[in-house]
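Okay, so here's the structure we're looking at.
Residue numbers (our numbering): 1 to 237.
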């Protein structure tokens with residue numbers, strides 16, 4: 001085989017390997033988007049209905065009798081947070097961003113101005129007075145601050161047309177948005193672990209709730225950072 005034929009075969013093999021990697025990446029992204037959508041819908045179907053009646057008695061979080069604004073702020077946060085969850089998937093869907101950039105932009109505005117910004121602001125009036133103890137209160141307050149901060153950074157980057165930075169910040173923002181979904185799983189994990197060392201009482205439930213708050217958003221952020229480092233700067237498709 002001549003040198004030219006060898007180079008041509010090498011180039012062909014390289015292109016085939018690149019196509020294979022792209023196909024595998026596309027399948028992984030598709031599977032991830034499907035899982036994200038299924039978990040989001042399941043979470044909203046289970047968690048949202050009690051709040052649609054506007055009846056504090058049906059709230060899954062016991063309203064504080066000594067704080068009249070507790071339930072209204074909680075309700076507003078849940079509504080805005082639901083908007084953020086529904087639109088979050090649209091923001092990180094590479095196919096939508098490439099194929100329909102206008103839909104991506106408008107859903108992004110809805111995610112920020114109809115979800116994260118109002119939801120993050122009102123929850124600052126709820127998180128510090130958490131009914132599940134000071135550990136949850138601090139964890140949820142930190143989450144709210146970071147939720148707002150990553151969204152502001154993503155918005156500013158988009159306005160400055162620094163799109164690689166924008167995508168990175170929005171991935172972090174969506175990771176924080178999705179922490180409320182995985183929080184439910186972490187609670188069960190901690191309840192299972194803590195129950196090995198004592199009876200399941202109010203103190204144990206409070207401890208599990210506090211631990212799950214911190215774990216849910218910290219782990220999600222770590223996964224987001226791992227993803228960003230793995231993909232490399234500016235590569236999100």
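Don't be surprised by glycine CBs; every beta carbon is placed ideally from N, CA and C.
Reference residue i, options the options, closest by Cα
{"i": "residue 130", "options": "164, 166, 61", "result": "61"}
{"i": "residue 238", "options": "31, 78, 50, 216", "result": "No answer is possible for residue 238: the residues shown for the chain start at 1 and end at 237."}
{"i": "residue 108", "options": "154, 141, 55", "result": "154"}
{"i": "residue 118", "options": "44, 74, 36", "result": "74"}
{"i": "residue 28", "options": "140, 156, 162, 95", "result": "95"}
{"i": "residue 98", "options": "199, 163, 219, 195", "result": "163"}
{"i": "residue 139", "options": "55, 219, 35, 41", "result": "219"}
{"i": "residue 47", "options": "173, 81, 197, 198", "result": "81"}
{"i": "residue 165", "options": "102, 66, 225", "result": "225"}
{"i": "residue 184", "options": "35, 43, 59", "result": "43"}
Three-state secondary structure (DSSP) of residue i
{"i": "residue 95", "result": "helix"}
{"i": "residue 117", "result": "helix"}
{"i": "residue 198", "result": "coil"}
{"i": "residue 56", "result": "helix"}
{"i": "residue 165", "result": "helix"}
{"i": "residue 80", "result": "helix"}
{"i": "residue 178", "result": "coil"}
{"i": "residue 130", "result": "coil"}
{"i": "residue 39", "result": "helix"}
{"i": "residue 71", "result": "helix"}
{"i": "residue 61", "result": "coil"}
Contact check, residue i vs residue j, beta carbons under 8 angstroms
{"i": "residue 104", "j": "residue 85", "result": "no"}
{"i": "residue 87", "j": "residue 132", "result": "no"}
{"i": "residue 176", "j": "residue 222", "result": "no"}
{"i": "residue 33", "j": "residue 93", "result": "yes"}
{"i": "residue 83", "j": "residue 115", "result": "yes"}
{"i": "residue 112", "j": "residue 217", "result": "no"}
{"i": "residue 171", "j": "residue 228", "result": "yes"}
{"i": "residue 215", "j": "residue 169", "result": "no"}
{"i": "residue 49", "j": "residue 56", "result": "no"}
Span of the alpha helix (DSSP H) around residue i
{"i": "residue 124", "result": "That residue, residue 124, is in no alpha helix (DSSP H); it is neither H nor E in DSSP."}
{"i": "residue 206", "result": "202-231"}
{"i": "residue 48", "result": "Neither: residue 48 is in no alpha helix (DSSP H) and is coded neither H nor E."}
{"i": "residue 136", "result": "134-159"}
{"i": "residue 101", "result": "101-111"}
Are the stretch 117-131 and the stretch 67-85 touching, with three or more C-beta to C-beta distances below 8 angstroms? Counting C-beta pairs with one atom in each stretch, the stretch 117-131 and the stretch 67-85 have three or more that are closer than 8 angstroms, which means they touch.
Examine the Cβ distances between the stretch 179-194 and the stretch 149-169 and report whether three or more of them are shorter than 8 angstroms. Counting C-beta pairs closer than 8 angstroms gives fewer than three between the stretch 179-194 and the stretch 149-169, which falls short of the contact rule.
Is the number of C-beta pairs between the stretch 182-194 and the stretch 204-215 that are closer than 8 angstroms three or more? With a cut-off of 8 angstroms, the stretch 204-215 and the stretch 182-194 count as touching, because enough Cβ pairs lie within range.
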